[in-house]
Amino acid sequence: MNKEQSDLSRGKIFSAIKEAKPTVTMDVKTIEQEALEILTESEFARPKLLSEDATEALVLRIEAGLVIGTSCERLSTLDNLPNSVKKFFSKHFLPPALKLQSVKQLEKLNWQGISTDIDIQQDNTVGLCWAEYGVAETGSFVVHSSADMPILLNFLPLYLIAVIPKSKILHYMDDYALIANEIAKKAETPRNMCLISGVSGTTDIEGVLVQGAHGPEILHIIIVEDQ
Amino acid sequence: MQANRPEDFSKNVSKALAQPDLKKIIRRTTDKAETKRAEAVANFPEFEKARAQGQKVKDHTIKYMDHYLAEFEKNALAQGTIVHWASTGEEASKIVLDICRQHKAKKVTRSKSMLGEEIGLTHAFDNSEMERIETDLAEHIIQLAGDPPSHIVWPAMHRSREDVVKLFREFHKDPTYSEEITDLVRSARRDLRNKFLTSDIGISGSNFLLADSGSSCTVTNEGNAELTITPPKVHIVTAGIEKLVPSMAHAVPLLRLLTRSATGAEITQYITFHNGPKRPNDADGPEECHIVLVDNGRTKMLAEGMEEMLRCIRCGACMNHCVVYKHIGGHAYGSVYPGPMGSVLTPHLNSLEVANKQTHACTLNGRCEDVCPVNIPLPKLLRSLRAQSWQKKYEPLTNRFVVQSFAMMAKRPRLFQLLSSCGVIFMKVFSRKGWIKYMPLTSGWTRNRDLIEPESTTFMQQYKKIKKAETTKSGGA
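Chains as they are written, first to last, in our numbering: chain H, 35 to 261; chain E, 11 to 487.
#1: How about the region 304-314 of chain E and the region 140-154 of chain E: do they share at least three Cβ pairs that are nearer than 8 Å?
#2: With K253 of chain E and S225 of chain E assumed to form a contact (beta carbons below 8 Å), what rounded beta-carbon distance in angstroms separates them?
#3: Just by C-beta distance, which residues in the region 130-144 of chain H are closer than 8 Å to chain E?
#4: Give the interface partners of L162 of chain H over in chain E, defined as CB-CB distance under 8 Å, in chain order.
#5: I want to verify the contact list: residues of chain H whose CB lies under 8 Å from the CB of L312 of chain E, in sequence order.
#6: Tell me whether the beta-carbon of D182 of chain H lies closer than 8 Å to the beta-carbon of S136 of chain H.
#7: With contact counted as at least three CB pairs below 8 Å, one residue from each stretch, are the region 317-335 of chain E and the region 392-410 of chain E in contact?
#8: Output the boundary residues of the alpha helix (DSSP H) element that contains V51 of chain E.
#9: If you draw a straight line from the C-alpha of V302 of chain E to the C-alpha of R289 of chain E, how long is it?
#10: Relative to the alpha-carbon of R459 of chain E, which residue among E:M449, E:T467 and E:E465 has its alpha-carbon at the smallest distance?
#11: Nearest to E465 of chain E by CA position, among E:T452, E:E81 and E:W445, is which residue?
#12: Would a C-beta distance cut-off of 8 Å place G235 of chain H and L253 of chain H closer than the cut-off?
#13: What are the complete alpha helix (DSSP H) segments, minimum 4 residues, inside the region 327-381 of chain E?
#14: Check whether the region 197-215 of chain E and the region 239-256 of chain E are in contact - that is, three or more C-beta pairs closer than 8 Å.
#15: Report yes or no: is there a C-beta of chain H within less than 8 Å of the C-beta of F82 of chain E?
#16: Looking only at its own chain, which residues have a Cβ that is under 6 Å from the Cβ of G130 of chain E, when we skip the five neighbours before and after it?
#17: Select from the region 226-249 of chain H all residues with a C-beta closer than 8 Å to any C-beta belonging to chain E, and list them in chain order.
#18: Mind listing which residues of the region 49-74 of chain E have their C-beta closer than 7 Å to chain H's C-betas, in chain order?
#19: If the cut is a Cβ gap below 7 Å, which residues of chain E does E90 of chain H touch?
#20: Here's the rule I'm using: 16 or more other beta-carbon atoms within 10 Å means buried, otherwise exposed. How should R442 of chain E be labelled?
#21: Compute the distance between the beta-carbons of L109 of chain H and V258 of chain H, then report whether it is under 8 Å.
#22: Give the DSSP-derived three-state secondary structure of E465 of chain E in the structure shown.
#23: Any idea which residues DSSP pairs R442 of chain E with across the strands?
#24: Check H77 of chain E in the structure and name its three-state DSSP category.
#25: Do the region 79-97 of chain E and the region 279-289 of chain E meet, that is, are 3 or more Cβ pairs less than 8 Å apart?
#26: Taking the beta strand (DSSP E) that W95 of chain E belongs to, which residues open and close that run?
#27: If the cut is a Cβ gap below 9 Å, which residues of chain E does I102 of chain H touch?
#28: With a threshold of 8 Å between beta carbons, is F283 of chain E in contact with chain H?
#29: Who pairs with D113 of chain H in a beta bridge, going by DSSP?
#30: Since P81 of chain H meets chain E, which of its residues come closer than 7 Å, beta carbon to beta carbon?
#31: For the beta strand (DSSP E) containing G161 of chain H, list its first residue and its last residue.
#32: Using a Cβ cut-off of 7 Å, pull out every chain H residue sitting near W95 of chain E, in sequence order please.
#33: In three-state terms, what does DSSP make of T208 of chain E?
#34: Let me check understanding here. Comparing Cα to Cα, which of E:C382, E:G352, E:A417 and E:V364 lies closest to L392 of chain E?
#35: Under 9 Å, CB to CB, which of the residues in the region 230-263 of chain E have a partner in chain H?
#36: Can you round the beta-carbon distance between K66 of chain E and I72 of chain H to whole angstroms, since I take them to be within the 8 Å contact cut?
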């Protein structure tokens, strides 16, 4: 890598911009103020949700078939999660083997009758992840990379179950952006922040939609009431 | 298929028009995209407001581009990303290959990025000792076929299912013998799975660069970007400097517009923000992260008053709605960027001298501007390029002669009317059953379609006749 060449190009790019826009102010406060003003329009420039309640809106969106390859259910308590997972296995005629994210909330549950591990390298598996947030606007769940969240858990299995705590369901993507900003202020930004809204799909052959292009073909979202 | 050259545009168009099925194949995808976009916009009554907001985000960032570039660099460095700068596509490609060689990479996976094509990265890898693996399904198909992309969202739209069947049978280790599209996709899944997991370097583009965090954002439906980036030890992002936005909150309105305009879906399945290399205890992710910020003609566009084009978020709506693109497809343009946006971009990325004909391949019907999610005045920009091309005398002598003759006649109404009436008589001589199959000086038109027989009299003759009839009628009344 030639650092000198890169620095030279950097200089060229900045001078070319300066030359093209010689009169533009570089007062940071003015720039920040203008940037903030644009965001005040978001409230009027985003779609209406299917319900004022974020959880309801997320559920309605999935039930209306607006989130590709995705189903959802609501649980009153997390203790019922293993039973829901068993039902998912039966529905899809799958052997009871689960790639389970290693987080306390999930590990403490009674998984009797289901073998669990976190070896996600093979295809044709069922993964289960604990989402950081849900977003009603897009029917998304959000995951952050960390020591106990391998990003590939959300991309390698053919079947994926995502658990979203009800209190973490946000109305709009803008709400998530505010949270991401707060995380950044604390210098705790994770390497990856993924908004996942449905399954891996493609329309690249003759425009026909096929689910499970590289990642999950079936996604099941489970919303749990907070403990 | 060898890539066409932009300077051979007329020849490329003739070749495209001579392919009987091409128009049908293109329309299958673009017509569907057109319908789905219209539905998505109808279901989003706030679309116009979102569009105005999206335009403001882009205009604001372009206005303060040097400020945001410096911010992005500072914050990306703070995340642990190594930042590189490239004035040209060649420099950018060299930086990427040098990083790969430094890591002694043998296999390199790449998720779809039109910038990668623009800077010649695919060719650079093909001429190197390294194996390039395209992971987007469409890019995978065109890599096997040896084709250039023909659309920025569906690069393989010119390939039929039958073509894909043949390609997969020839190249996949465990191919399907079914011709069902689902089975073909499964075949690609099997073929690519191990390649994702054993790649040395993952290369991605970026839909947005967030200045306040130094993040790059990828947007896909397949999830191939995350699979490309996460397993290898090194992640390289290549991105044009116009991809900047101030923050994630500013990217949100553009995300709302992007997918609705591109495919008619409300959102893509995967939106991921990449913030440097893996943290010390992360379960997975690359250990090293590089970003190559590319100019390649963008600051020139800023200097030449074409900054509205830098708003482009690469949704492809302009080409999906373009009557010319729908007839000739993407390859005819001889550029990575086809259609209306390509006809404005290519003269800047290449030169107006070689790509001036593309600026004329436009009826100026304004549909591209109507559907552009960030209000780029494409017809205005194309007209301005036409004017530049005229001033620089890039038009062929015959064209200049015809236009100058027309201008001369148009200023002399009597001469114009006389020659128009002669023209009508002349055309009638070549007409058979209402159509003209051949006529001197019109081979450019009649080579691929017939010319309709004109009325027996000129417009002015008919106008005078009607006017006279009206006068007689009102006089009589």
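Glycine residues also receive a C-beta, built at the ideal position from the N, C-alpha and C atoms. All figures in this text were calculated on a predicted structure; none of them were measured in a lab.
Judging by the given coordinates:
#1: Cβ pair count under 8 Å is below three, so no.
#2: Not a contact, Cβ separation roughly 11 Å.
#3: Under the 8 Å Cβ criterion, the region 130-144 of chain H contributes no residue.
#4: Chain E residues near L162 of chain H: none, gap ~15 Å exceeds 8 Å.
#5: Those are A50, I51, A54 and K55, listed as they occur along chain H.
#6: Yes, they are a contact pair.
#7: No, the region 317-335 of chain E does not touch the region 392-410 of chain E.
#8: Its alpha helix (DSSP H) spans residues L32 to A52.
#9: Computed Cα separation, rounded: 21 Å.
#10: Comparing Cα positions, the closest option is E:M449.
#11: Here the closest residue by C-alpha is E:W445.
#12: It is not a contact, given that the beta carbons lie outside the stated cut-off.
#13: Every alpha helix (DSSP H) of 4 residues or more that sits fully in the region 327-381 of chain E is shown, in chain order, as 327-330, 333-338, 349-359, 362-370 and 377-381.
#14: Touching, yes, given that three or more Cβ pairs across the two stretches are closer than 8 Å.
#15: False, the Cβ-Cβ gap to chain H never drops below 8 Å.
#16: For G130 of chain E, same chain residues with a beta-carbon under 6 Å away, outside a window of 5 residues either side, are G99 and S103 in chain order.
#17: Cβ contacts with chain E: N226, M227, C228, L229, I230, S231, G232, V233, S234, G235, T236, T237, D238, I239, E240, G241, V242, V244, G246, A247, H248 and G249.
#18: Of all residues in the region 49-74 of chain E, only F54, E56, K59, A60, Q63, K66, V67, H70, K73 and Y74 place a beta-carbon less than 7 Å from a beta-carbon of chain H.
#19: Residues of chain E whose Cβ lies closer than 7 Å to the Cβ of E90 of chain H do not exist; the shortest such Cβ separation is about 18 Å.
#20: Of the other Cβ atoms in all chains shown, fewer than 16 fall within 10 Å of the Cβ of R442 of chain E; this residue is therefore exposed.
#21: Yes, they are a contact pair.
#22: DSSP places E465 of chain E in coil when its eight states are reduced to three.
#23: Beta-bridge partners of R442 of chain E (DSSP): E:W445.
#24: Here H77 of chain E sits in helix by DSSP.
#25: Taking 8 Å as the limit for Cβ pairs, the verdict is that the region 279-289 of chain E does touch the region 79-97 of chain E.
#26: First-last of the beta strand (DSSP E) with W95 of chain E: I92 to A96.
#27: Per Cβ cutoff of 9 Å: N231, A275 and Q279.
#28: It does; some Cβ of chain H falls within 8 Å.
#29: Partner(s): none; D113 of chain H has no beta bridge.
#30: What P81 of chain H touches in chain E: F54 and E56.
#31: Per DSSP, G161 of chain H belongs to the beta strand (DSSP E) from V160 to W164.
#32: Per Cβ cutoff of 7 Å: S40, S43, R44 and I47.
#33: Reduced to three states, the DSSP call for T208 of chain E is helix.
#34: If we check each option's Cα against that of L392 of chain E, E:G352 comes out closest.
#35: Interface annotation for the region 230-263 of chain E against chain H: T230, N231, E232, G233, N234, E236, L237, I239, T240, P241, I251, P256, S257, M258, A259, H260, A261, V262 and P263, criterion Cβ-Cβ distance under 9 Å.
#36: The C-beta separation of K66 of chain E from I72 of chain H comes to about 5 Å, placing the pair in contact by the 8 Å criterion.
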